[in-house]
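Chains as they are written, first to last, in the working numbering: chain W, 210 to 382; chain D, 723 to 1091; chain Z, 313 to 692; chain E, 12 to 219; chain V, 121 to 563. All residues carry an ideal CB built from backbone N, CA and C; glycine is no exception. Worksheet: the structure to be examined is printed underneath.
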């Protein structure tokens, strides 16, 4: 059972793909409250990759390290920090804990290279991220909304999407 | 050669065998599928955003509704994720009870899934009725422990909501007498039936490498020959204390998926027997008395996963230090297992589509979230 | 790859066998076995054959004690006091937010009382998760076993306190062991709470009538002992009344009228006037009671209005005041429940003499409240 | 009895002719095929009136049960024809009608003219042959008197069958046009294998 | 049967009515009777099926309407009648309307040749068997019309499947009967039944066998194989599991019935169940002796018949009652088998169905016809037909030899075909190496 830790991964990536790994800045998550206990901030331990080189890093994971199994692509909207974070989670088929690659994108026109041509399993993950967060995956063969209908406007999982009301229902209803 | 025209058919969203509101846009040439596009989202309720406005505990009953067949497994994955995030200890006894419930869920799910699969092949409910009968017995047990049959809401952070009732163990032992008989009978019905063989052998083949590339999980992955089981690959809870085997298929077709599911029921039964042996010696109560249910985990993110009967069920949580999760993402096995559906169906007949779909075993509550 | 504590089994597909219909016959055999065995009943977990059907409306399975369907509120059989204190714990934890509580206030002091005047659960949106029962510190809210709740409309599934109330004896009948575990603590807490509840606040609405009747009975017995007290002089002329009494009576009548009007077309209430009543403060009280009754009737089926409180308190100002307040509350509620058509006539109108001010004030307040409620109704 | 039979005959004849007219006049080709079936049924009933039960049943079996269904299949499977409701008659339908009538008359008139009518029914002296209506007689005649015709028809049918098979048979290698996922996968692997096999050779060539 | 009516009218009224009038009256009577019987059979069959299959699934089945739920089908019928009749906008209204009628009519026709008891056949056609199958093929047209007129893809696909299936499975059905017809030498259903007297051995094969009405064809190897083939084909004709492909609910919703509602749907339902009943009846008649059974022949020999006008009418009633009882009992047993099969199996795919019909059943039935000729030759022929060597054997010996020879032939054929068929199926399932080879080289 392979047992790579996140630090090892960062080290290896830094060695083999120079320039791809970025230094993570601490995430504030929520604005500091005016009173009451201060929420903390946190620094991720996972490898933070330059968004443009995510495909390269993923292929490195697969071909060099043997982490062939792409389990999950999760997106988080850090509104206070003004960025979207995409988490790619890889597993080794022989078992062991996961390794994650993270990429941070600006909230305006976020774009990433698509993994779907190499991992068909990324298809729905990326469509979901496109649907709910508006991240464009360049090179995806069928990048369409997956849950919401095609005419839907806005990205419902973003933190600034209005949580109340329904623009499709008028005032009188 | 005769020139034929292609025809587009919508199977679903209201169709008897799409397992919910699910649509398949099928292009057929005669009866042969040339293209299939799954279309879903009819049941989408933005589960993940609902979770962001609820507290951690309030999300527990919502996880029941993800895969409503296996609410216990969903609860387990979520409880593990939050416990990992907040650093909550779980007593040994509670762990055993949890594993017991989840393994019962696995039997229940596979019994139902096989029944539905055979139903999709056109049987008139008999296999399903047998499966449902066993499922009812297990649901009776769930009801006596948790108070509900389907939406169990049984797990809490640090344990389970209440200890097993007194009559639970005798009934469970009775059930374990019936279970092998049921599994054998199901196997007699399914394993050598020529019609079923014709319908399932060589249908919907997913080769080993592609199965990994498509990120499928659970019995579908194992039927393709990959012995990947989260319970073995990254043991959680107390799974490292049990002896059980991992069944894998050799071809990766529908028939292998049937066989793997049957064998998994047997293995679950093995685990349950070991739990019955070990449970009386387990330390602690049914819940960690120090665990606060209104958790306020430290800032950070966590990913935890379990082997749900349908595959790898994972929860990715980000905490901002408040009582509500900042981000709550479900890695739903049914959803990801649907990815290869379109490609798997290509080249087969219309009648095979529903069989392949049935062999993936999806639940729309989890797919659409 | 290797696996700890177990093997990888490759499933045997049995490809080498000649398939000439044996599998089909095997399947037929299995089905036949079930058919042949289906003529006897099977209720045993160890059996896989036999008729499993439970013919539901005729026979019912024993529900386990832990079974949870919809939440209900418990009250004590003996004292009639509800266990609920209106602490909002359940309202806060409820994931779909279907619990709505109004906490009771002491009408005299205006302070919070550990009881709920209103407790609403929207059964149609409840997800039966059981959190409310789990968090309730007073073990007041419990999960019911009744599951046949289907109706044709959503509104009838919005349960108010009167519909939610169940005696503890009911809960012990469905879940004896579970109640046994919490009984001592719950009853102790209840005793503490009862002490802080004035009047009938915190009592099960279904019982207030009964309690009222019981108290009336006791009072009559007490009244019969000194026969002289109230000869119940019929047709005591109104003129003989002292101005103070008259004022009180008038105010009460007005309140009654207002309430009646607020109730709209309903309320074929008994004549509110207490012309024939003895010349004392009792008249006012009676009138107020009647007003309250009228209001309650007007409120129709809803309005589990506070009972009009017929404590046989001495014939003093306080009783009248209380009654009037109650009338006012009732009227308000009635108006809320059934928006009134007609606005009440003049608010305070005729001047009242100086003393018995409290009674007058209360009556005026009642009238005002009724008016306001009616106006609200109109606006809506 | 005779009157009854004549009435029935008249009705059937009207039905057959009416249905035949409808076949050529209705707009929808499916309807026209259905009228054709009606006409076939009428003919079968006519055979029954003639007490030729076997022929009647065979008429139903062959014409209605097989040929009509074949026609319907052909129409329905070719979507362009079935979907349009355009008129089947062309503008010069009358010309066709005249030609058809003329041909029909040319065949029918001599028959009508040369036929001696009102032959008394053969009322069973022992020597007269039974009419060819029973299965047994038919079978005997097929292997007796009409053996040659029977054999020729048999050969014709066999040839037609073989021809149909030849037309319908696709080459084995072309049969499954749509590859399944696993086939695609195997194919890709083989292609990679051959490419890998060729690649060293190619480099070797370059090196040389 | 109308000879009985004739007798009855003439003896009762003695007016010497013209023969054709009596025929007309008797046919009308019988037709009305059959039209009453058919729907009630159907109603009972639906109830019977639901109860039986419920038992197989450890359930009870409908048991609320009336005692043990016996009036459930009535309730369903009332529901059908009161439901709204919906015709799709883009449907071809007229064809949509008459399609169910065309489907029902042939099934009613087929009752004409079904014998219910000794001397109780509505019309004794000398080509009864042929008539039965000729008429049954007509309902295919109705299905086609229904599928096309609905203007629905599922309906059209369902209709195509239904017709393709019916047409293909008529061939094995008729071929399997051909073996029986070769033995009896007649297409008449009545002759067929009369042949099946005896005790395990037909009296026609061995005259010395006592007639217990048990000389059924099922007891001969030829008959047994023909029975298997015929019953399978009957399942396909009647669209029963595992051949209920045209209305495969998991794939094409309800096939050609998708756009039908109310009583039009009910008519399809009626046609299907009546057809199933008739197919079961045919199975019972052809292979299990129909009304033949212990006692019927003896009773009937004492009854009023054209051959025996001196008999007692009570024997007519008795033999008729016993015959109808035997006949219906056998029919219902076969219907139970249909239900049983439905309870146990899944459904085949359309191409597998075609494969099975054409590659397995038809060769099997062809070999069976060969077996039937052997049977006829060994049991009946002599020197006149060129089989001089059988002359000296006793009839029972000839029967035994024929039995053994045909048994060996049929069993061998069955196993051989099963192997070949299974191999060809797995061949199809496996990847086509040739194709891949070619494609690899192309790329």
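- Residue 928 of chain D and residue 367 of chain Z have their C-alpha atoms spaced approximately 45 Å apart.
- Within the model, the alpha-carbon separation for residue 343 of chain W versus residue 307 of chain W is close to 26 Å.
- At the C-beta level, residue 229 of chain W and residue 222 of chain W come within 8 Å of one another.
- Around the beta carbon of residue 221 of chain V, fewer than 16 other beta carbons lie within 10 angstroms, which makes this residue exposed.
- At the C-beta level, residue 322 of chain W and residue 264 of chain W come within 8 Å of one another.
- Residue pairing by DSSP places residue 299 of chain W opposite W:279 and W:308 in a beta bridge.
- A distance of 8 Å or more separates the beta carbons of residue 970 of chain D and residue 953 of chain D.
- For the C-beta of residue 355 of chain W, the chain D residues within less than 8 Å are, from N- to C-terminus, 762 and 763.
- Under DSSP, residue 968 of chain D forms a beta bridge with Z:320.
- Straight across, the Cα-Cα distance linking residue 327 of chain W with residue 737 of chain D is about 34 Å.
- The DSSP-derived three-state label of residue 368 of chain Z is coil.
- In terms of Cα proximity to residue 325 of chain V, the closest of V:532, V:507, V:543 and V:498 is V:498.
- Under the Cβ criterion of 8 Å, residue 452 of chain Z is not counted among the residues facing chain V.
- Going by beta carbons, residue 823 of chain D and residue 876 of chain D fall inside the 8 Å limit.
- Rounded to the nearest whole angstrom, the CA to CA distance from residue 965 of chain D to residue 332 of chain Z is 38 Å.
- Under the DSSP definition of a beta bridge, residue 745 of chain D partners with D:761.
- One Cα belongs to residue 183 of chain V, the other to residue 355 of chain Z, and the distance between them is close to 19 Å.
- The alpha-carbon separation between residue 446 of chain V and residue 413 of chain V amounts to approximately 7 Å.
- Boundaries for residue 237 of chain V: no alpha helix (DSSP H) harbours it, and the DSSP string shows neither H nor E there.
- Within the region 1011–1088 of chain D, the complete beta strand (DSSP E) segments at least 3 residues long are 1022–1030, 1033–1041 and 1047–1053, listed from N- to C-terminus.
- In this chain, the beta strand (DSSP E) harbouring residue 453 of chain Z covers 453–455.
- The beta carbon of residue 332 of chain V sits closer than 6 Å to the beta carbons of 319 and 414 from its chain, once the five residues preceding and following it are set aside; these are given in chain order.
- With its beta carbon less than 8 Å from one in chain E, residue 754 of chain D belongs to the interface.
- Taking the Cα positions, residue 71 of chain E is about 7 Å away from residue 52 of chain E.
- Looking from the CA of residue 300 of chain V, the closest CA among V:384, V:264, V:345 and V:200 belongs to V:345.
- Residue 394 of chain Z sits in a strand when the DSSP states are folded into three classes.
- Contacts with chain V (Cβ-Cβ distance below 8 Å) from the region 317–338 of chain Z involve 327, 330, 331, 332, 333 and 336, listed in chain order.
- Taking a 10 Å sphere around the C-beta of residue 466 of chain Z, we find fewer than 16 other C-beta atoms and assign the residue as exposed.
- Residues of chain E whose Cβ lies closer than 7 Å to the Cβ of residue 1066 of chain D are, in chain order, 192.
- For residue 267 of chain W, no Cβ of chain D is located within less than 8 Å of the residue's own Cβ.
- Under the DSSP assignment, residue 417 of chain Z falls in the beta strand (DSSP E) whose first and last residues are 411–417.
- CA-to-CA, the gap between residue 321 of chain Z and residue 967 of chain D works out to about 7 Å.
- Put simply, the region 225–235 of chain V touches the region 252–261 of chain V. At least three CB pairs are less than 8 Å apart.
- By the CB criterion at 8 Å, residue 396 of chain V and residue 455 of chain V fall inside the cutoff.
- Close CB contacts of residue 332 of chain W within its chain, under the 7 Å cut and outside five residues either way in sequence, are with 325 (chain order).
- Interface flag for residue 766 of chain D against chain W is set, since a Cβ pair is found closer than 8 Å.
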